[in-house]
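Asks: This is the structure I want to talk about, given as structure tokens.
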Amino acid sequence: MASISVQTPLSVARGWRPGGIALKRSLLAGIRRVLTQRDAINRINVFPVADGDTGSNLAFTLSAIEQALRPLRGGSAGALLRRAGDEAIDGARGNSGAILAQFLQALGEHLSAVRKLDTPTFAAAAMFASVQARRAVSEPREGTMLSVIGAFASSLSIHVNNGADDLRRAFAQALAMSRAALARTPDQLAVLRRAGVVDAGAQGFVDFLEGISDYIEHGRDGSGGAELTAVGEVGVVGESQDPDATHRYCTECVLCADAIDRDAVHAALGGLDHSSLVLAGTRQKLRVHVHVDEPQRVYDALERFGRVGARKADDMRAQQRSARARTRVAIVTDSAADLGAEALENLPLHLVPVRLNFGARDFLDKVSLSPTEFFHELRTSAIPPRTSQPPPGDFRRLFEFLLSHHEEVVYVGLSRAVSGTLQAGEGAAGRCDAQRIRVVDTRTASCGQGLLATRAAELAAQGMDAASICARIEALVPRTPLFAYVRDLSHAVRGGRIPAWGLPITRWLGLIPVATVGKNGKLRFARIMRLREDLPERFARWVVSQVEATLRWRVLVGHCDNRDEGERLCTALHALLPAGSQVELVDAGAAISAHAGPGAVVVALMPHEASIVPG
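Heads up, the sequence shown is in this note's numbering, so the first residue is 445 and it goes up one at a time.
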């Protein structure tokens, strides 16, 4: 991001009353302060969940405001704050991001008609916004950002009640009161006291105020930053003991309608097993943040109230592992990769979900829709599924979070030749710290991509740097073949991926198409097999004939709702491959199943590196 130009402060005179230009520069300075403190805020994040992402979430929320405000060249203070609040609701991420967004939205709503700020007007708006921020939280707790926001607003009101009308001085006093409230947060939350830190969200709010204050007083851009406030040693966060830690997914979306009944929405979500619920926004647009184990149940509950968009669900268990990890490199892949059962649980490996939809119903692959649920939808929906690449913002959020806990990131992505997913990841890397992010085109998909991503994560766990990991994986890409047979072409015909005349011919002749991945990373037909009872065993013999017989192999078999044939294929491959080869069966995800249909079976093989003879 471009740095904010240092300007002569517009607050040197007493009785400062900022209009749009001065307020814009102040807000941008506050945003810059939070962006520079992002990693430090992440490291003290222990409440409500020790997932180490509060700084990243606040930075993402405020970046949305920065992008909207930077091009503006004039206007009133109220219009600027109204725009900032609207952008905050759209861009809010995480618990603290949603609370801050509600505060800014309410501030802008209260001041929308104001051309220049004065102390009484601003103090009244801040108190209104503080109340709205607290109301947005289902179970407000003291010792959080809410406490510091409340202290800030109360201090402004006290200043006005004492008859003073100097906004610059009022802001300075309110900042001092906010710092004091921040220092008290460990006394209010035991989890903070045990960790020896202040609340991360509250720290972020104070950083935002300090950046604004630095501009008001000195015209600085907010990139400096004071030392992080803490009552003990600041380090990598540990396991949270708070009840919120029992839920896996930090789930968010935006609900839009002509008139949203917030109480009805709250009641509908109250029936779910959840925690950390925040409803931030207006009657027309509501940012929903909640911790649950089944994100799709949240989206389903909200669909009767209006349009549900901007869906995202972060795996907080993976975030906690990353926050505690000591590896130099973190590995990212997308959900087109089909992975072994333990890879995501035990390795520094993170997943960005592919998007898919059945008509108007949207899902996050492997997050809000499991393989089993996908096949239920496939059989019952009159509309064929469509997959789409994750938006670059999904990659960017994850990259920024991981870079606050690791030195480098490697994205092991779906073949560039079959999807724009890899390009989305590359674009996001360019907007983060491109020098610390590397991208590998696996030129494959499904189980092949899963094997390569898993191997990359194993190398990362061994302490290898990103350049060395990429070199090893690039060497394995051409030696990791993928094969698949498709039992039912009807879904490919429905989706328009093969011509309709191919379906009756293959059914009439009892033919099974077999596909492989070419050197260009595209799937192509390799041969045709007869449909007989021993199909998995014959397919196994053909697969083995296509690879080097002397190598030991790591094999991943993915089945599309066809476990019986998947297990038979595993058994046959285990018997045919050299001793020491490993064969594992996984449920194939929607990215491959949407194209191959039920009954398809995929197999990928990667040689054990120790068995490869150099040269």
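The beta carbon of each residue, even a glycine, is placed where N, CA and C say it ideally should be.
Quick check: what's the CA-CA separation for Arg461 versus Arg612?
Replies: 9 Å
Asks: Got a sec? Which residues, its chain only, sit under 6 Å from His1018 by beta carbon, not counting five neighbours each side?
Replies: Excluding positions up to five away in sequence, the list reads Val1027.
Asks: Where do the ends of the alpha helix (DSSP H) carrying Ser657 lie?
Replies: 644 to 662
Asks: Would you mind listing the alpha helix (DSSP H) stretches within the region 848 to 929 that are 4+ residues and don't spill past its ends, in chain order?
Replies: Counting whole runs of 4 or more residues, the region 848 to 929 contains the alpha helix (DSSP H) stretches 865 to 875, 890 to 905, 910 to 920.
Asks: So Asp809 and Ala1034 are supposed to be a Cβ contact under 8 Å. How far apart are they, rounded?
Replies: 5 Å
Asks: Buried or exposed for Arg692, please, with buried defined as at least 16 other CB atoms from any protein chain shown within 10 angstroms of its CB.
Replies: buried
Asks: Thinking Glu696 and Arg537 are a contact (beta carbons under 8 Å), I'd like their distance in whole angstroms, please.
Replies: Confirmed, about 7 Å.
Asks: Short check: CB of Ala618 to CB of Leu561, under 9 Å?
Replies: no
Asks: Tell me whether the beta-carbon of Leu479 lies closer than 9 Å to the beta-carbon of Leu506.
Replies: yes
Asks: With a threshold of 8 Å (Cβ to nearest heavy atom), would Leu506 be considered close to the ligand COA?
Replies: Among the components of this structure there are no ligands whatsoever, and the ligand COA is therefore not found.
Asks: Counting C-beta neighbours from all protein chains within 10 Å, is the total for Gly803 16 or more, i.e. buried, or is it exposed?
Replies: exposed
Asks: State the DSSP-derived secondary structure class of His638, mapped to helix, strand or coil.
Replies: Note that residue 638 corresponds to Arg in the displayed sequence, not to His. If DSSP states are grouped into helix, strand and coil, Arg638 belongs with the helices.
Asks: Return yes when the Cβ of Gly907 is within less than 9 Å of the Cβ of Arg772, no when it is not.
Replies: yes
Asks: State the DSSP-derived secondary structure class of Gly940, mapped to helix, strand or coil.
Replies: Confidence is the limiting factor: at Gly940 the pLDDT is only 47, short of 50, which leaves the residue's position unreliable and the question unanswerable from this model.
Asks: Can you tell me whether DSSP reads Cys1004 as helix, strand or coil?
Replies: Here Cys1004 sits in coil by DSSP.
Asks: Given Pro1042, which residues of its chain have a CB within under 8 Å of its CB, disregarding the five upstream and five downstream residues?
Replies: Phe819, Leu822, Arg823, Arg931, Asp932, His935, Cys1004, Asp1005, Asn1006
Asks: Three-state secondary structure (DSSP) at Glu992?
Replies: Looking at Glu992 - three-state DSSP - the assignment turns out to be coil, as it is neither helix nor strand.
Asks: Once the 5 residues before and after Gly871 are set aside, which same chain residues still bring their CB inside 6 Å of it?
Replies: Only Pro836 meet the Cβ criterion.
Asks: Taking the beta carbon of Asn790 as the centre, do at least 16 other beta carbons fall within 10 Å, making it buried, or is it exposed?
Replies: exposed
Asks: Give me the Cα-Cα distance between Gly474 and Asp658, rounded to the nearest whole angstrom.
Replies: 8 Å
Asks: Using 8 Å as the Cβ pair cut-off and three pairs as the minimum, do the region 520 to 531 and the region 484 to 500 touch?
Replies: no
Asks: Measure the Cβ-Cβ separation of Phe749 and Ala708 and say whether it is below 9 Å.
Replies: yes
Asks: Give me the residue from Arg971, Ala523, Ala711 with the minimum Cα distance to Val742.
Replies: Ala711
Asks: By how many angstroms is the C-alpha of Ala557 removed from the C-alpha of Ile533?
Replies: In a straight line, the C-alpha of Ile533 is about 20 Å away from that of Ala557.
Asks: Quick check on this structure: which residue in Leu896, Ser863, Phe839 has the alpha carbon closest to the alpha carbon of Ala878?
Replies: For Ala878, the nearest C-alpha among the options comes from Phe839.
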